[in-house]
Amino acid sequence: MRVLILGGTGEARQLAAALAGRHEVVSSLAGRVREPLVPVGEVRSGGFGGSRGFAEHLRADRVEAVIDATHPFAATMTATAARVTATLGVPLARLQRPGWEPVAGDEWLHAPDVAGAARIVDSMLREGSATSVLLTVGRQELAAFDRLPRGAVVARMIDPPASIPASVREVILARGPFTLDEERATLASSGADVLVSKNSGGTATAAKLVAARERGIPVVMVGRPELPGGATVVTSVAEAVAWADRVVPPAAR
Ligand code: NAP
240 MRVLILGGTG EARQLAAALA GRHEVVSSLA GRVREPLVPV GEVRSGGFGG SRGFAEHLRA
300 DRVEAVIDAT HPFAATMTAT AARVTATLGV PLARLQRPGW EPVAGDEWLH APDVAGAARI
360 VDSMLREGSA TSVLLTVGRQ ELAAFDRLPR GAVVARMIDP PASIPASVRE VILARGPFTL
420 DEERATLASS GADVLVSKNS GGTATAAKLV AARERGIPVV MVGRPELPGG ATVVTSVAEA
480 VAWADRVVPP AAR
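Position in the sequence shown counted from 1, then plus 239, gives you our numbering.
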């Protein structure tokens with residue numbers, strides 16, 4: 240069966256390796272990162288051109304099943320995949336790792352989205368309960384924090400941003416996974432007394448939450464966008480492989 244994996248995550252790379260030899264696999268990357276970690280096997284890169292382009296791609300490449308293994312916050316791609324596969328009758332699974340949950344000692348402030356996180360941080364800075372923030376939400380979300388006071392932000396991301404707002408005093412370029420010691424050092428040297436994170440889940444970037452707990456600093460946690468209906472939701476690579484092995488491609492029905 241010809242399977243398209245929508246990737247850009249560690250799970251998507253593991254899945255491409257796990258499906259190799261069982262199915263014909265193509266991994267798709269958005270092409271945003273300058274030096275992406277490339278999955279094994281066939282890889283394509285770049286946007287499809289919205290729903291129309293994605294539908295055309297599925298037809299032209301004779302895709303028989305899609306596994307959406309994009310990041311939990313890649314809501315546009317996930318919505319497109321759900322809409323188009325439903326219309327074309329192509330089976331779809333959504334591979335999404337479980338979100339993080341707070342544990343004893345955590346002080347989490349929940350934000351519905353990145354703009355909401357910026358509002359929470361803004362009021363903390365204005366009322367004096369925080370003086371400096373470490374952002375770990377990625378390059379594309381930096382603009383949401385551009386109205387924070389000048390120099391209040393240290394921002395960590397993989398590639399440099401298109402522009403650096405006046406609110407940002409330092410950009411740290413780094414790609415996870417990060418060890419606990421690295422996260423302790425980053426929090427200490429940043430001087431931040433609040434951390435902003437997306438609820439990405441997984442282990443690669445979870446150590447920052449432990450480091451924040453140890454330092455007793457609050458975490459503004461951005462909640463995940465809702466999943467559209469229509470996909471079979473799986474939470475592990477093994478479940479995704481089992482799903483692919485069970486699927487009957489449209490041509491065989
Ligand atoms: P997004 O907002 O959902 O997608 C924006 C557009 O990028 C889509 O409409 C699509 O363009 C293209 N695209 C996204 N994922 C694609 C893929 N796997 N293959 C081909 N085209 C793709 O996504 P995003 O948040 O910008 O994330 C982009 C990529 O980075 C994703 O692959 C995601 O897994 C990865 N990533 C995202 C985050 C995050 O926090 N958002 C974190 C880590 C990794 P067209 O409409 O032209 O088809």
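Yeah, the Cβ is synthetic: ideal placement off N, Cα and C, and Gly gets one too.
- prompt: Can you tell which of L331, E303, V487, A424 has its C-alpha closest to the C-alpha of G468?
  reply: As a position in the sequence shown, residue 468 is number 229, starting the count at 1. Comparing alpha carbon positions, the residue from L331, E303, V487, A424 closest to G468 is L331.
Between the C-alpha atoms of D420 and G440, what's the straight-line distance to the nearest angstrom? Position 181 of the sequence shown holds residue 420. Position 201 of the sequence shown holds residue 440. For D420 and G440, the distance between alpha carbons rounds to 19 angstroms.
When we look at the beta-carbon of P337 and count the other beta-carbons within 10 Å, is it buried (16 or more) or exposed?
For this step, residue 337 is matched to residue 98 along the sequence shown. Around the beta-carbon of P337, fewer than 16 other beta-carbon atoms lie within 10 Å, marking it exposed.
Got a sec? Which residues, its chain only, sit under 6 angstroms from A357 by beta carbon, not counting five neighbours each side? Counting from 1 along the sequence shown, the entry for residue 357 is found at position 118. For A357, same chain residues with a beta-carbon under 6 angstroms away, outside a window of 5 residues either side, are A383, F384 in chain order.
Item to check | Span separating the alpha-carbon of V480 from that of P488 | outcome: On the sequence shown, residue 480 is found 241 positions in, with the first residue counted as 1. On the sequence shown, residue 488 is found 249 positions in, with the first residue counted as 1. C-alpha separation (whole angstroms): 15 angstroms.
**Request:** Please name the residue or residues paired with P349 in a DSSP beta bridge.
**Result:** In the sequence shown, residue 349 corresponds to position 110, counting from 1. Note that residue 349 corresponds to His in the displayed sequence, not to Pro. BP columns for H349 point to M460.
At a cut-off of 8 angstroms, is A251 close to ligand 1 when judged by its beta-carbon and the heavy atoms of the ligand? Working through the sequence shown from its first residue, we reach residue 251 at position 12. True, at least one ligand heavy atom lies under 8 angstroms from that Cβ.
- Query: Nearest CA to the CA of L327: which residue from A299, Q335, P351?
  - Reply: Locating residue 327 in the sequence shown gives position 88, counting from the first residue. Answer by Cα proximity: A299.
request  = On a CA-only basis, which of A255, V323, L426, V353 is nearest E380? Give me that one, please.
outcome  = By 1-based counting over the sequence shown, the position of residue 380 is 141. Selected option, being the one with the closest Cα: V353.
query = Distance, Cα to Cα, P341 vs V302?
reply = Residue numbering aside, residue 341 sits at position 102 when the sequence shown is read from its first letter. Residue numbering aside, residue 302 sits at position 63 when the sequence shown is read from its first letter. For the pair P341 and V302, the Cα-to-Cα distance works out to about 39 angstroms.
- Task: Evaluate E366 with the Cβ neighbour count: other Cβ atoms within 10 Å of its Cβ, from every protein chain shown; 16 or more gives buried, anything less gives exposed.
- Result: Numbered from its first residue, the sequence shown carries residue 366 at position 127. Looking at its Cβ environment, which holds fewer than 16 other Cβ atoms inside 10 Å, E366 is exposed.
task = Please confirm whether any heavy atom of ligand 1 lies closer than 8 angstroms to the CB of Q379.
result = Taking the first residue of the sequence shown as 1, we reach residue 379 at position 140. Between ligand 1 and the CB of Q379, the shortest heavy atom gap is smaller than 8 angstroms.
Selected residue, minimal CA-CA separation from G288, among R454, A269, A255 = One-based indexing of the sequence shown puts residue 288 at position 49. Minimum Cα distance to G288 is reached at A269.
Assigned secondary structure, L434 (DSSP; H/G/I helix, E/B strand, else coil): For the purposes of this step, residue 434 is identified with residue 195 of the sequence shown, where counting begins at 1. Of the three classes helix, strand and coil, the one that applies to L434 here is strand, per DSSP.
Indicate, with yes or no, if ligand 1 has a heavy atom lying under 8 angstroms from the CB of A269. For this step, residue 269 is matched to residue 30 along the sequence shown. Yes.
>> Here's a check: name, in chain order, each residue in its chain whose Cβ is nearer than 7 angstroms to the Cβ of R389, leaving out the five neighbours to either side.
In response: Translated into the one-based positions of the sequence shown, residue 389 becomes position 150. A405, S406, listed in sequence order.
Contact defined as beta carbons within less than 8 angstroms: I believe V376 pairs with A391. What is the distance between those atoms, to the nearest angstrom?
What you label residue 376 is simply residue 137 of the sequence shown in a count that begins at 1. What you label residue 391 is simply residue 152 of the sequence shown in a count that begins at 1. The pair is not a contact, with the Cβ atoms about 15 angstroms apart (cut-off 8 angstroms).
Using 9 angstroms as the threshold, is the C-beta distance between A477 and A257 below it?
Walking along the sequence shown from the start, residue 477 turns up at place 238. Walking along the sequence shown from the start, residue 257 turns up at place 18. Yes.
Original post:
So the alpha helix (DSSP H) D307 belongs to, where does it begin and stop?
Top reply: Working through the sequence shown from its first residue, we reach residue 307 at position 68. Boundaries for D307: no alpha helix (DSSP H) harbours it, while the beta strand (DSSP E) harbouring it runs 304–307, taken from the DSSP string.
Quick check on this structure: which residue in V242, D484, V458 has the alpha carbon closest to the alpha carbon of V360?
Translated into the one-based positions of the sequence shown, residue 360 becomes position 121. V360 has its Cα closest to that of V458, out of V242, D484, V458.
Fill in: Outcome for G415 when other beta-carbon atoms lying within 10 angstroms are tallied against a minimum of 16
Your numbering for residue 415 matches position 176 in the sequence shown. G415 comes out buried.
query: Any heavy atom of ligand 1 closer than 8 angstroms to the Cβ of F287?
result: For this step, residue 287 is matched to residue 48 along the sequence shown. Because some heavy atom of ligand 1 lies under 8 angstroms away, the Cβ of F287 counts as near it: yes.
Practice task
Would you mind giving the Cβ-Cβ distance between L387 and I397, rounded to the nearest angstrom? I have them listed as a contact below 8 angstroms.
Solution key: If you number the sequence shown from 1, residue 387 lands on position 148. If you number the sequence shown from 1, residue 397 lands on position 158. With a beta-carbon spacing of about 22 angstroms, L387 and I397 fall beyond the 8 angstroms limit used to define contacts.
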